[in-house]
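The structure appears right after this line, and notes come after that.
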Amino acid sequence: MSTNHSILAHHFADLDQQRETETFGMWLFLSTEILIFGAVFTCYTVYRLRYPHDFEAASAKLNVLIGSINTIVLLSSSLTMALSVHATRVGRQQMLLTCLLLTILLGGTFLGLKVLEYYKDYKDNLVPVLAFKPEEWTQVQGEQGPVQPQRVELMLVFYYVMTGLHAVHMIVGMGLLIWLVVEARKGLLTTVRYMPVEVVGLYWHFVDIVWIFLLPLLYLTGTHHAADLHF
Amino acid sequence: MSSAITTGFVPQAKPRPPRAPGENYLNVAIGVKSWLFTTDHKRIAILYLVTVTILFFLGGAAATVIRLNLMTPTGDLVPADTYNKLFSAHGIIMVWFFLVPVIPTVLGNFLVPMMIGARDLAFPKINLLSWYIFTIGAVITLWALIAGGVDTGWTFYTPFSSKYARTNVMPTMIGIFISGFSSILTGLNFIATMHTMRAPGLTWWRMPLFLWAHYAASVILVLATPVLAMALILVGVERAWGIGIFDPELGGDPVLFQHLFWFYSHPVVYIMVLPSMGIISEVVTCFSRKPIFGYVFIMWSSVGIAVLGFLVWAHHMFVAGQSVYSAMIFSALSYLVAVPSAIKVFNWTATLYKGSISFETPLLFALGFIALFTMGGLTGLFLAALGVDMHVHDTYFIIAHFHFIMVGGSVMGYMGGLHYWWPKMTGRMYSDFLSKLAALIIFVGFILTFLPQFVLGYLGMPRRYHVYPPEFQVLNVMSSAGASILAVGYVLPLFYLFWSLYAGKPAGPNPWGATGLEWQTPSPPPTHNFDESPIVTTGPYEYSVEESEIVH
Amino acid sequence: MFAEIPLFPEQASTTAQRVDALFFFLCTVCGSMAILIAGLVLFFAFKYRRRAEDERTPRIMGNNRLEWFWTIAPLFVFLIMFLWGADIYTSVALPPPDAADVFVVGKQWMWKIQHPGGQREINELHIPVDRPVKLTLTSEDVIHDFFVPAFRTKIDVIPGRYVQTWFQPTKTGRYHLFCSQYCGTSHANMVGTVFVMERDEYRQWLGGQAATGSLADQGRQLFLKFQCITCHSANAEARAPILEGLFGRTVSLRNGRTVVADDAYLRESILYPEAKVVQGWEPIMPTFKGQANEEELIRLLAFIKSLKPGQTPVRNEEALPPLDAPKMPPGGNPKQHEAVPTYQPQGKSNEP
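Protein chains in written order, with the working numbering: chain A, 1 to 231; chain F, 1 to 552; chain S, 1 to 352.
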């Protein structure tokens with residue numbers, strides 16, 4: 001019973017109250033994240049509805065191969081994260097450590113592929129102001145005629161802001177995971193003290209869900225052909 | 001999700017060492033480190049009190065120069081660019097670094113756990129982090145405002161802010177962005193605390209209205225602030241990158257920024273006023289010695305304000321080029337949101353009926369709130385009318401309207417709350433005479449400052465003008481004269497409140513004879529608030545007896 | 001001295017009268033409410049002041065009927081206020097058909113005004129009394145706001161877009177014009193005067209302005225200078241729809257939708273020609289963004305609006321010597337050779 005006291009904070013009546021509060025707190029925080037992503041999604045939707053063909057043309061040039069691989073990577077990392085939570089609850093320390101490290105590995109893969117993708121976008125002249133040639137777009141046909149390069153640039157601004165914000169959240173998540181690994185190695189994540197893993201798990205799943213919205217919104221509105229798949 | 005009745009502290013809670021006699025949260029540990037690393041919600045409240053008070057006077061200094069400049073129609077005091085930076089600084093500091101935080105972080109932090117019957121907030125360390133984030137944000141913003149300044153106004157309208165402004169827009173926005181996290185964490189803490197840590201017997205329906213007001217304000221804090229964060233990010237991206245989504249050259253829509261901005265900034269005015277309304281409920285009932293009239297209606301009106309407040313943002317944009325249908329919808333919704341505020345005013349008035357009213361300083365401030373907030377709120381009905389708003393939008397009418405509500409309302413409420421709970425927070429009473437004098441000076445000064453501005457606004461004097469047509473001078477001079485009186489009223493409490501810390505009469509646990517769990521502790525309270533978890537058996541305002549029992 | 005303190009603005013337009021009427025209604029209702037509340041508070045505060053320390057108060061918790069009454073009753077009053085305000089607002093959004101056109105361009109930090117007859121003003125607007133005037137406004141840089149307190153109207157002026165408002169002055173005189181959307185350093189100096197004049201005076205003033213030709217005439221010169229005539233000619237090889245009688249008609253687009261050819265459509269088609277291509281025509285029009293500024297666009301629009309059947313200039317007509325007009329080879333735009341030109345007989349593409 002003494003372990004109960006050491007993990008029970010002084011201001012809570014009992015562990016149940018503490019755990020309930022911690023989960024509730026993370027859900028509240030995630031609701032703020034829904035609002036911040038929701039704000040930029042709304043702006044994107046406004047322009048997507050106004051300039052559908054230009055946005056589709058821009059979307060068609062995004063690297064859907066890397067985007068798809070990243071989706072599989074991220075979904076797998078959510079699986080390993082969920083397994084970490086389960087491992088903590090049943091007290092399997094080795095499994096916990098393995099799953100946490102796998103999650104970090106997969107998260108790192110996502111970020112690495114993202115960096116690669118941004119580099120490729122730069123090489124493909126898909127970065128407004130820094131690497132963008134309007135003349136490459138004046139011949140591109142949308143449904144109603146040539147697309148307008150300025151509106152393609154607008155879409156690309158959204159692409160970088162939205163995926164960039166998501167990447168920042170991933171990086172924070174990686175930091176949290178590394179902290180969990182440190183705690184796990186000290187033996188501090190147990191069948192009694194499992195809330196840190198639960199709470200980080202909630203955050204990680206949320207970041208994954210945001211990506212699941214980003215992928216179709218950004219990458220899949222344009223038509224991709226087999227010839228477009230490139231690394 | 002949460003149980004209505006939580007278990008008591010014994011037997012599983014960590015045992016505490018016995019308390020020395022006279023030990024309280026202030027003297028339990030001394031030294032800078034004990035303050036800067038505290039997790040005690042009461043100490044954090046004091047930290048916020050110091051920070052926020054400094055910021056208030058900085059914002060007030062900007063206002064002083066503004067009003068001095070406006071004494072002459074040719075604006076001889078400061079050049080145009082400086083004036084523009086001054087009103088921007090005034091708005092930014094007063095909105096984000098005073099009005100939004102002040103009541104929740106000072107009084108809310110101190111009182112929410114006590115009124116709930118808990119030992120601390122749900123997340124004490126996050127509470128401290130919140131103060132650090134706030135202070136860092138404030139320092140960055142202040143540096144930006146002072147070293148070069150920002151001249152976009154607190155509203156940062158595009159494309160001026162995103163493409164044309166040549167001032168410290170970026171660092172200012174970064175400072176505001178950072179302080180936004182502080183808002184979110186505070187709101188999150190309050191909501192979690194109220195859901196999961198209420199003392200045994202304290203059902204939702206027995207919570208003091210101060211708590212309900214903070215709950216509603218916290219919901220807004222948590223949901224609205226992220227949208228501002230995104231609006232600032234998007235403007236920042238446009239400035240840093242040279243390209244953005246509000247740029248008409250790209251087919252972007254500068255008015256979209258206004259939608260994003262006001263989607264946050266309208267709810268934010270309810271964050272500023274709801275906690276103040278919570279204070280009024282507490283003060284009016286205590287000094288009428290009578291239960292609040294219509295508890296359930298006041299409670300639901302707080303929730304209603306929070307919900308409806310999210311649906312009216314485009315009433316700031318009636319002349320911004322939106323469609324007529326859109327304008328009509330927002331006008332109708334704006335009338336709806338006036339109803340819950342009106343209900344509160346009626347209920348407070350009815351609480352006075354057949355009460356036993358004692359005119360202590362907190363009640364004087366509360367009555368001032370009722371008068372000035374009512375006037376400010378009624379002028380809101382003018383603005384919700386599309387035909388009138390067309391004329392008075394972006395004039396001094398608007399400035400008068402929101403100052404009546406923010407200063408005549410929120411700040412008066414805060415002063416009332418500060419004076420009400422000062423004895424609890426410090427264990428000392430302040431000078432009765434000087435505090436009543438301050439209340440009177442503030443009330444008179446306020447009216448003289450802002451009533452002429454309604455006239456100026458209808459006459460057509462636009463806002464954010466550092467020069468104006470000469471025929472407007474007399475009214476401007478009246479307003480500036482009032483501002484000088486108002487300034488005296490605000491400086492006076494600094495003196496007598498400080499003085500009370502050294503020479504004030506010891507307050508005792510309950511100098512006002514109030515109900516409420518916070519008054520069942522010593523003044524100042526011990527660090528852990530309650531020796532034993534209180535058990536609540538009655539409603540929050542049991543001051544009275546059944547009418548049949550009164551001997552006439 | 002006190003007589004000189006203005007307390008109420010001059011009422012100089014039909015809208016002003018309506019706005020003031022609503023304003024006084026609001027003052028009456030809200031003033032009464034304020035006096036009622038203040039009166040009750042003061043009355044209760046006095047009557048129920050504490051007389052003894054051990055006084056007991058009755059446990060009045062509320063009165064649901066009263067609560068519902070003062071929740072529902074205000075809604076009826078608010079409905080009146082809402083409907084009245086909406087009525088005024090919608091009428092300001094719909095200019096009368098016989099309103100005279102005036103074009104306004106706001107820029108940091110001045111107002112540039114153009115009359116249909118070509119008269120140009122800076123920071124001043126001369127208009128006749130008792131005639132409706134419709135303003136079409138845009139901005140060259142940031143958002144401004146065109147505000148005439150005596151008329152009780154204002155409208156934000158937005159870059160990249162046209163907005164419209166109208167008023168009918170009822171009193172001659174000089175009235176303030178303010179910019180009332182903060183726009184930078186000299187926002188407070190972006191002010192001017194509206195001169196409302198009697199008809200004869202106004203006609204005199206119109207005649208006295210520098211003769212630059214009407215807006216439509218100036219637009220015609222631009223039509224030739226920018227070589228619009230190359231494609232929008234009225235002969236069989238025309239590569240572009242004829243523009244005669246176009247303004248106000250419903251146009252069918254290539255994507256199957258229809259659109260009304262108004263100011264916004266014409267402006268967009270000059271700056272972003274691919275946005276709304278007319279059915280039956282190829283998207284071959286080059287953009288004139290960066291070549292025609294807002295004032296020139298207004299003149300072009302005035303010309304197009306004035307084009308009656310048979311008035312399209314002849315293609316080989318001499319244009320004024322252009323200083324920086326795009327150089328077009330004699331055969332027309334070289335890009336046209338890449339798309340197969342589809343010849344449409346005159347008028348077919350303009351059918352609604």
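Using N, Cα and C, we set each Cβ at its ideal position, and we do this for glycine too. As the structure is a computational prediction, the values presented were derived from the model and not from experiment.
| Item | Value |
| --- | --- |
| Could you list which residues in chain F have their beta carbon closer than 8 Å to that of S/K154, in chain order? | V319, M390, H391, H393, D394 |
| Does the separation of the CB atoms of A/L102 and A/T71 fall below 7 Å? | no |
| Does the segment 123-139 of chain S come within contact of the segment 356-368 of chain F, defined as at least 3 CB pairs closer than 8 Å? | no |
| Once DSSP output is grouped into helix, strand and coil, what is the label at S/I158? | coil |
| Name the DSSP beta bridge partners of S/I60, please? | Paired residue(s): none; S/I60 is not in a bridge. |
| Is F/I357 close to chain S? Criterion is C-beta to C-beta, closer than 7 Å. | yes |
| Cβ of A/P239 less than 7 Å from any chain S Cβ? | Beyond the ends of chain A as shown, which are 1 and 231, falls residue 239 of chain A; an answer cannot be given. |
| Give me, in chain order, the residues of the same chain whose beta-carbon lies closer than 7 Å to that of F/R406; leave out the 5 immediate sequence neighbours on both sides. | Note that residue 406 of chain F is Met in the sequence shown, not Arg. If we look at F/M406 and ignore the five residues flanking it on each side, its Cβ neighbours are L99, M272. |
| Helix, strand or coil for S/I127? Go by DSSP, reduced to three states. | strand |
| I'd like to know whether the C-beta of S/V277 is nearer than 7 Å to at least one C-beta of chain A. | yes |
| If you drop the 5 nearest sequence neighbours on each side, which residues of the same chain put their C-beta closer than 8 Å to that of F/V392? | F382, L383, I398, G457, Y458 |
| Given that a residue counts as buried once 16 or more other Cβ atoms are within 10 Å of its Cβ, and exposed if not, what is A/G187? | exposed |
| May I have the straight-line CA-CA distance separating F/G539 from A/G201, to the nearest angstrom? | 40 Å |
| On the DSSP bridge list, what partners appear for S/E13? | Correcting the residue type first, residue 13 of chain S is Ser in the shown sequence and not Glu. The partner list for S/S13 (beta bridge, DSSP) reads S/P169. |
| Of all the options A/Y203, A/T223, A/D228, which has the alpha carbon lying nearest to the alpha carbon of A/G25? | A/Y203 |
| State the Cα-Cα distance for the pair A/I66 and A/V140, rounded to the nearest angstrom. | 23 Å |
| Find the nearest neighbour of S/T258 within the set S/K276, S/L266, S/Y272, judged by alpha-carbon distance. | S/K276 |
| Indicate whether at least one CB of chain F lies closer than 7 Å to the CB of S/V142. | yes |
| With DSSP run on the structure shown, which of helix, strand or coil describes F/I442? | helix |
| Report the rounded CA-to-CA distance for S/L301 versus F/N476, giving the unit in angstroms. | 44 Å |
| Taking a contact to mean a Cβ-Cβ separation below 7 Å, would you say S/I155 touches S/S139 in this structure? | no |
| Return the residues of the segment 449-481 of chain F that lie within a Cβ-Cβ distance of less than 8 Å from chain A, sorted by chain order. | none |
| Measuring straight from C-alpha to C-alpha, what distance separates S/C179 and F/L451? | 24 Å |
| Helix, strand or coil, according to DSSP, for S/Y175 in the structure here? | strand |
| DSSP on F/A320, reduced to helix/strand/coil? | coil |
| Since F/L333 contacts F/G278 with CB under 8 Å, what's their CB separation in whole angstroms? | About 24 Å; that fails the 8 Å criterion. |
| Restricting to Cα atoms, I'd like to know which of S/F167, S/P58, S/A240 is closest to S/V129. | S/F167 |
| Along chain A, which residues have their Cβ under 8 Å away from the Cβ of F/E249? | Q150 |
| Contact criterion: CB-CB distance below 7 Å. Does S/F146 meet it with respect to chain F? | no |
| Output yes if chain S places a C-beta closer than 7 Å to the C-beta of A/G107; else output no. | no |
| Who pairs with F/A366 in a beta bridge, going by DSSP? | Note: F/A366 sits in no beta bridge, so no partner. |
| Using a Cβ-Cβ cut-off of 7 Å, state whether F/K85 counts as contacting chain S. | no |
| With DSSP as the reference, please indicate the residues paired to S/D145 in a beta bridge. | S/D156 |
| Of all the CB atoms in chain A, is at least one closer than 7 Å to the CB of F/R119? | yes |
| Is F/T6 buried or exposed, if buried means 16 or more other CB atoms sit within 10 Å of its CB? | With a pLDDT of 38 at F/T6, under the threshold of 50, the modelled position of this residue cannot be trusted, and the question is left open. |
| According to the Cβ coordinates, are F/L77 and F/N69 closer than 7 Å? | yes |
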